[in-house]
Structure formats: C-alpha cells, structure tokens
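Colleague: One structure follows; several queries about it will come next.
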DNA sequence: GCACTCCTGACCAAGAAGGTCAGGAAAGTC
DNA sequence: GACTTTCCTGACCTTCTTGGTCAGGAGTGC
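Residue numbers (our numbering), protein chains in the order written: chain F, 1 to 151; chain Y, 1 to 151.
Right, dumping it as structure tokens:
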C-alpha cells in the first residue's frame, strides 16, 4: 500500500511535460526541474513511451512530449504504466480471488479499496495537477484536517 | 499500490478469530481454515500480538484470541500492524514531502489517496467482515459493476 | 514429567527497488 | 560526411522486501 519512487518520479516528470507549452523537452531539463537522477528517469520515460503516454525524438532539438493533451492523461494511467495494476492482492486481481470461511467477504473490501483508489487517481489529470485546480473528490478528501495527520 | 500476502493472511486469520465464539483458537486451526502456511502465520500472529491486536496463551488449551471486541478492530489496524503505514510515498508520509515546480500539487493527490484508503479500511471492522454486513461506503463502491473489472 | 502450543531468531531464495554504466542508434547541424 | 546531441537499450549492481522454512526454547495444563 505504498507509492514507489518510480511512480512518484513518473508523475512529476509528466507534470513538467504537461506544463511545457510546445516542443520537445530534454530529459536533462526534466531531471533538473524535479530533481530526479537522469539515467533513472530515462528508463522511466522509456516505459511511459512504451505505454503510449509520451513520445520522443532523438538528436539535437529532440526530447519528450505528451502523446495526448494533458487533460486526457490521468495519474492512474501513469502509475499503472510504471507500477502495474493498482491494488492487486498477492499479485492477483481481487476479483479473481476466492475467499473461504469467515473471510468470505474480504473480497468486497479489496474491491472497494481498489475502487476508492481509482476514484482519486482516475479523476486527476495532468492538466488538473499543473493548474492546481484539482477535481472535487480531491478537495473533499483533503479538506478534512484529519487527512493530513499520520496514523 | 498492492496488498501483500502478509496483510491478506493477517486479516483472514483475524476474521477467523473474530468468529470464534470463545476460548483460544490454535494457530493450526487458523492455518487450516484459511489455507495459510502455519509457520508463516505464526510470525504474523506474533506481530499482531506485539501490536496489541491479538493475545495468546501457550500449552494445551492454548491459542490465540482478539484483545478487543471484534467490532472495535478495523482492517486498517491490521494492515498497518504488518505492512506499516498506509500510502507512504518513497517511504515517507505524504504530508512531509515538498514538491516543486509543476508537481507542487501532487502532495494533495497523495494525501487524497491516503484519505480514500482510510475511508474504507478504517470503517470496516472484523465484526463487519464476519457478518457480511459491510459499511455503507463499501456497498456504494462495490455496487458499480465497473469496480469489478480489471483495467 | 510430559504433551502441547506459542515464541523467537536464524536462515534462505527469489524478486523488486532504486539506481549506475557503457554503448548504440536516430536526428539535426555544419 | 562528420559531428554533436539526445534518446534508446541492455547489463549490471547493492540493498531491501517478500514469502517463506527450520530448529529450538519457553510457558501452560494435566
């Protein structure tokens, strides 16, 4: 139930791309802007490219850019691209698990967990992230001061 | 963003304990009921004991039982006991991370992610799980057929 | 004393996390 | 065509986590 460095880096780099007006952005600039090790970032960007989220061109004047408009790319997509499916249990999707005995209803709980994650991650687009105008669901959740304290 | 085998096992074993009317339950019985490797389960139960969720007695007639009533133990507690804090980013709590540049608002997103996880995991108690009468939030989330399909 | 059950630490193999390194391959510039 | 720039790719590395197993010790009850 944790967010990996890779996913965090990927979203941050994508946010920088979303904010770039036009033209490709060099990996080096992304790395500096978000303080990410360059060579590690290049691997991440490659994965994003393979997933059709980002495009790239080599050579002088080369760099990376978003394959789609920033308001059509969600955080969920990016996290999935680098971390794989969200909220899998023991590496299998919750809908495929058969629980027995008194844990029979645990499946519903994991399904609800996944749905609640999706309700946040699939709503927030890169455009939202850059503009700071986050969707209502995020505002509702972060409005409670309790959301900001550790447990 | 995945649920470990350990957390899954821990919740399942705890559900069995919650369902046991009275008297200690042997580790072996829990392991059989939920099909969990016994020796691994014993380590998990020990962690739950150290977190004050479970109690135990050795010897004949020994076994494990819940330290508190089943309707006062949440799934969140159990997951935290064996997996550590929920929704940490790069092993640090989201409220402690300072984002820069165009990723400035990413913090709000991770906070919202954590809050949405909590809204499920802290609502469901072991009593809910055993009875199958899950809290409203779970019902709402699992009612949507979309919640049951992979992405 | 003996059986039973939990308790604990050591160990282990495989994989993931979080990188680094070295070189190749396209694209643009002169 | 040479040269620079930048992405592309695979190999490698160290440390930690995951998901266990093994062996023995220590209470508890009869």
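All residues carry an ideal CB built from backbone N, CA and C; glycine is no exception.
Three-state secondary structure (DSSP) at residue 66 of chain F?
Modeller: Translated into positions along the first chain, residue 66 of chain F becomes position 66. Secondary structure of residue 66 of chain F (DSSP, three-state): strand.
Colleague: What does residue 21 of chain F reach in chain Y if we use C-beta pairs closer than 8 angstroms?
Modeller: Locating residue 21 of chain F in the first chain gives position 21, counting from the first residue. Scanning chain Y for C-beta atoms nearer than 8 angstroms to the C-beta of residue 21 of chain F yields nothing, as the closest lies near 12 angstroms away.
Colleague: Taking contact to mean 3 or more Cβ pairs, one atom from each stretch, closer than 8 angstroms, check whether the segment 84–97 of chain F and the segment 30–41 of chain F are in contact.
Modeller: no
Colleague: Using a Cβ-Cβ distance under 9 angstroms, would residue 64 of chain Y count as near chain F?
Modeller: Start at 1 with the first residue of the second chain, and residue 64 of chain Y comes out as number 64. Judged by the 9 angstroms Cβ criterion, residue 64 of chain Y is not in contact with chain F.
Colleague: Let me see if you follow: with CB-CB separation under 9 angstroms, is residue 101 of chain F close to chain Y or not?
Modeller: Locating residue 101 of chain F in the first chain gives position 101, counting from the first residue. For residue 101 of chain F, the answer is yes, since a Cβ of chain Y falls inside 9 angstroms of its Cβ.
Colleague: Looking at the secondary structure, which residues open and close the beta strand (DSSP E) in which residue 54 of chain F lies?
Modeller: By one-based count along the first chain, residue 54 of chain F stands at place 54. From DSSP, the beta strand (DSSP E) with residue 54 of chain F extends over 54–57.
Colleague: For the putative contact between residue 106 of chain F and residue 11 of chain Y, defined by C-beta atoms under 8 angstroms, what is the C-beta separation to the nearest angstrom?
Modeller: To locate residue 106 of chain F, count along the first chain from 1; it is residue 106. To locate residue 11 of chain Y, count along the second chain from 1; it is residue 11. Rounded, the Cβ-Cβ distance is 6 angstroms, consistent with contact.
Colleague: List the endpoints of the continuous alpha helix (DSSP H) containing residue 88 of chain F.
Modeller: The sequence position of residue 88 of chain F within the first chain is 88, counting from 1. Boundaries for residue 88 of chain F: no alpha helix (DSSP H) harbours it, and the DSSP string shows neither H nor E there.
Colleague: What residue does the alpha helix (DSSP H) around residue 142 of chain Y start on, and which one ends it?
Modeller: The residue labelled residue 142 of chain Y in the question sits at position 142 within the second chain. 136–143 is the extent of the alpha helix (DSSP H) around residue 142 of chain Y.
Colleague: DSSP beta-bridge partners for residue 3 of chain Y?
Modeller: Stepping through the second chain from its first residue, residue 3 of chain Y is reached at position 3. Among the bridge pairs identified by DSSP, residue 3 of chain Y is matched with F:89.
Colleague: If I'm right that residue 26 of chain F touches residue 83 of chain F with Cβ under 8 angstroms, what's the distance once you round it to whole angstroms?
Modeller: As a position in the first chain, residue 26 of chain F is number 26, starting the count at 1. As a position in the first chain, residue 83 of chain F is number 83, starting the count at 1. Incorrect: roughly 25 angstroms between the Cβ atoms, too far for contact.
Colleague: At a Cβ threshold of 9 angstroms, is residue 69 of chain F touching chain Y?
Modeller: Position 69 of the first chain, counted from the start, is the residue given in the question as residue 69 of chain F. For residue 69 of chain F, the answer is no, since every Cβ of chain Y falls outside 9 angstroms of its Cβ.
Colleague: Across which residues does DSSP place residue 75 of chain Y in a beta bridge pair?
Modeller: Stepping through the second chain from its first residue, residue 75 of chain Y is reached at position 75. BP columns for residue 75 of chain Y are empty, so no partner.
Colleague: Start and end of the alpha helix (DSSP H) containing residue 110 of chain Y?
Modeller: Here residue 110 of chain Y refers to the residue found at position 110 of the second chain. 106–121 is the extent of the alpha helix (DSSP H) around residue 110 of chain Y.
Colleague: With DSSP as the reference, label residue 124 of chain Y as helix, strand or coil.
Modeller: The residue you call residue 124 of chain Y lines up with position 124 of the second chain. Reduced to three states, the DSSP call for residue 124 of chain Y is coil.
Colleague: For the alpha helix (DSSP H) containing residue 27 of chain F, list its first residue and its last residue.
Modeller: Position 27 of the first chain, counted from the first residue, corresponds to residue 27 of chain F. Residues 27–34.
Colleague: Among the residues of its own chain, which have a CB less than 7 angstroms from the CB of residue 67 of chain F, if the five just before and after it don't count?
Modeller: Taking the first chain and counting its residues from 1, the one referred to as residue 67 of chain F is at position 67. Closer than 7 angstroms at Cβ, skipping near neighbours: 52, 53, 54, 55.
Colleague: Any residues in the segment 84–101 of chain Y with a beta carbon nearer than 9 angstroms to a beta carbon of chain F? Which ones, in chain order?
Modeller: Listed in sequence order: 84, 85, 86, 87, 88, 89, 90, 91, 93, 94, 95, 96, 97, 99, 100, 101.
Colleague: Would DSSP call residue 96 of chain Y helix, strand or coil?
Modeller: Position 96 of the second chain, counted from the first residue, corresponds to residue 96 of chain Y. Correct three-state label for residue 96 of chain Y: helix.
Colleague: Roughly how many angstroms lie between the CA atoms of residue 34 of chain Y and residue 111 of chain F, to the nearest whole one?
Modeller: Indexing the second chain from 1 puts residue 34 of chain Y at position 34. Indexing the first chain from 1 puts residue 111 of chain F at position 111. Cα to Cα, the separation comes out at about 19 angstroms.
Colleague: When DSSP labels each residue in this structure, what does residue 149 of chain Y get in the three-state scheme?
Modeller: As a working mapping, residue 149 of chain Y is identified with position 149 in the second chain. Residue 149 of chain Y carries a coil assignment under DSSP once its states are collapsed to helix, strand and coil.
Colleague: Are any of the Cβ atoms in chain F nearer than 9 angstroms to that of residue 78 of chain Y?
Modeller: Your numbering for residue 78 of chain Y matches position 78 in the second chain. No, because no Cβ of chain F sits closer than 9 angstroms to the Cβ of residue 78 of chain Y.
Colleague: How long is the line joining the alpha carbons of residue 44 of chain F and residue 78 of chain F, rounded to whole angstroms?
Modeller: In the first chain, residue 44 of chain F corresponds to position 44, counting from 1. In the first chain, residue 78 of chain F corresponds to position 78, counting from 1. Rounded to whole angstroms, the separation of the alpha carbons of residue 78 of chain F and residue 44 of chain F is 10 angstroms.
Colleague: Within its chain, find whatever has a CB closer than 6 angstroms to the CB of residue 63 of chain F; leave out the 5 residues flanking it on each side and keep chain order.
Modeller: Locating residue 63 of chain F in the first chain gives position 63, where the first residue counts as 1. Counting only residues of its own chain and dropping the five nearest sequence neighbours on each side, residue 63 of chain F has a CB closer than 6 angstroms to the CB of 24, 25, 26.
Colleague: May I ask you to report which of helix, strand or coil DSSP gives residue 8 of chain Y?
Modeller: Reading the second chain from its first residue, position 8 is the one you call residue 8 of chain Y. The answer is helix: DSSP assigns residue 8 of chain Y an H, G or I state.
Colleague: Quick one: Cα of residue 125 of chain Y to Cα of residue 60 of chain Y, how far?
Modeller: The count along the second chain starts at 1 and reaches residue 125 of chain Y at position 125. The count along the second chain starts at 1 and reaches residue 60 of chain Y at position 60. Here the alpha carbons of residue 60 of chain Y and residue 125 of chain Y stand approximately 30 angstroms from one another.
Colleague: Are residue 46 of chain Y and residue 30 of chain Y close, meaning C-beta to C-beta below 9 angstroms?
Modeller: Taking the second chain and counting its residues from 1, the one referred to as residue 46 of chain Y is at position 46. Taking the second chain and counting its residues from 1, the one referred to as residue 30 of chain Y is at position 30. Against a cut-off of 9 angstroms, the Cβ pair of residue 30 of chain Y and residue 46 of chain Y comes out as no contact.
Colleague: Beta-carbon of residue 73 of chain Y versus every beta-carbon of chain F: anything under 9 angstroms?
Modeller: For the purposes of this step, residue 73 of chain Y is taken as the residue at position 73 of the second chain. Not one chain F Cβ lies under 9 angstroms of residue 73 of chain Y.
Colleague: Among F:97, F:131, F:151, which has the Cα closest to the Cα of residue 102 of chain Y?
Modeller: Numbered from 1 along the second chain, position 102 holds the residue referred to as residue 102 of chain Y. Selected option, being the one with the closest Cα: F:131.
Colleague: Kindly indicate which three-state DSSP category residue 101 of chain Y falls into: helix, strand or coil?
Modeller: Your numbering for residue 101 of chain Y matches position 101 in the second chain. Three-state DSSP puts residue 101 of chain Y in a helix.
Colleague: Taking the alpha-carbon positions, what's the residue 13 of chain Y to residue 19 of chain Y distance?
Modeller: Reading the second chain from its first residue, position 13 is the one you call residue 13 of chain Y. Reading the second chain from its first residue, position 19 is the one you call residue 19 of chain Y. Rounded to whole angstroms, residue 13 of chain Y to residue 19 of chain Y spans 10 angstroms at the Cα level.
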